[in-house]
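Structure first, commentary second.
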Ligand SMILES: Nc1ncnc2c1ncn2[C@@H]1O[C@H](COP(=O)(O)OP(=O)(O)OP(=O)(O)O)[C@@H](O)[C@H]1O
Ligand SMILES: [Mg+2]
């Protein structure tokens, strides 16, 4: 098998989506797309065009057994059954919109438990919290109860947890526009760890961070756009603008006057 062992986790070399059909049964115009480790790939398209469905196909390792008829290959082969079921070998992590922690535990306890369940050093919990605190404006303390975390704190923790503990090589993100975290830093962090990051977004900054984006229409994958130098110029402007807006927001939050 062409599998690579890193940190005792299996890391796929490529993720392949093989086309299926759109809502009317017409074949996807994109018949196959290969995605490499460290790549950020966007999914765009109007509401109802099938973005979440494509994410779900990847999450489930569809094998012509979903309405789209798509198939997912890892390293050019159908993923083994064990990769779908064994949580220690789970290849896919999903960053969801809503996170509700029901457990009556502190952040530190929860992360140590998670590390142990993954066969890892519980001291990694500290690294997760430090990393999360680079992504959120409201620092998380290991002694906090999980249930009091804000949406932004929860998502920052989840990103850091995926980067440090879960290290699932594929991360799926379905719209984090209002996540309350430094989104572009979260994407860079995950892609920088060599993960494949698949992100549904129309936020210009996030969409332009993707090297390619899959355009959905009527349930089908209609085309793949590779970003170009002109778009990257726009991206740098958008990033500067975003930095400026973030600084203004912080000034206002601190109760100061905007100069
Ligand atoms: N290839 C397909 N074959 C059959 N049904 C599909 C296909 N793609 C999407 N659908 C169906 O179309 C509906 C809308 O799809 P989906 O929720 O994925 O759209 P979306 O782009 O995520 O929309 P939104 O922007 O509102 O989140 C769903 O009921 C889904 O099951
Ligand atoms: Mg959706």
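In the numbering used here, the protein residues as written are 35 to 293. Glycine residues also receive a C-beta, built at the ideal position from the N, C-alpha and C atoms.
- Message: Looking only at its chain, what residues have a beta carbon closer than 7 Å to the beta carbon of residue 178, apart from the 5 residues adjacent to it on each side?
- Response: One-based indexing of the chain shown puts residue 178 at position 144. Hits under 7 Å: 140, 141.
- Item | residue 151 to residue 224 span [Cα, whole Å] | Within the chain shown, numbered from 1, the residue matching residue 151 stands at position 117. Within the chain shown, numbered from 1, the residue matching residue 224 stands at position 190. Going by the C-alpha atoms only, they are around 21 Å apart.
- Query: What residue ranges within the segment 141 to 197 form continuous alpha helix (DSSP H) runs of no fewer than 4 residues, ordered along the chain?
  - Reply: 141 to 151, 158 to 169, 185 to 195
- Item | Cβ-Cβ separation, residue 204 to residue 49 (assumed contact under 8 Å), whole Å | Numbered from its first residue, the chain shown carries residue 49 at position 15. Numbered from its first residue, the chain shown carries residue 204 at position 170. Correct: roughly 6 Å between the Cβ atoms.
- Over the uninterrupted alpha helix (DSSP H) stretch that includes residue 270, give me the two end residues. What you label residue 270 is simply residue 236 of the chain shown in a count that begins at 1. Counting along the chain, the alpha helix (DSSP H) containing residue 270 begins and ends at 263 to 287.
- Message: When you measure from the CB of residue 202 to every non-hydrogen atom of ligand 2, does any distance come out below 8 Å?
- Response: Position 168 of the chain shown, counted from the start, is the residue given in the question as residue 202. No.
- Message: Under 8 Å: does the beta carbon of residue 56 sit that close to some heavy atom of ligand 1?
- Response: Residue numbering aside, residue 56 sits at position 22 when the chain shown is read from its first letter. Yes, since a heavy atom of ligand 1 falls inside the 8 Å radius drawn around the Cβ of residue 56.
- Message: Just verifying my parser: in three-state terms, what is the DSSP assignment at residue 51?
- Response: Translated into the one-based positions of the chain shown, residue 51 becomes position 17. If DSSP states are grouped into helix, strand and coil, residue 51 belongs with the strands.
- Cβ neighbours of residue 207 in the same chain (closer than 6 Å, five flanking residues each side left out): As a working note, residue 207 is residue 173 in the chain shown. Around residue 207: 129, 233.
- N-terminal and C-terminal residue of the beta strand (DSSP E) that residue 244 is part of: As a working note, residue 244 is residue 210 in the chain shown. Taken as a continuous stretch (DSSP letters only), residue 244 belongs to no beta strand (DSSP E), as it is neither H nor E.
- Task: Buried or exposed for residue 187, please, with buried defined as at least 16 other CB atoms from any protein chain shown within 10 angstroms of its CB.
- Result: Position 153 of the chain shown, counted from the start, is the residue given in the question as residue 187. So residue 187 counts as buried.
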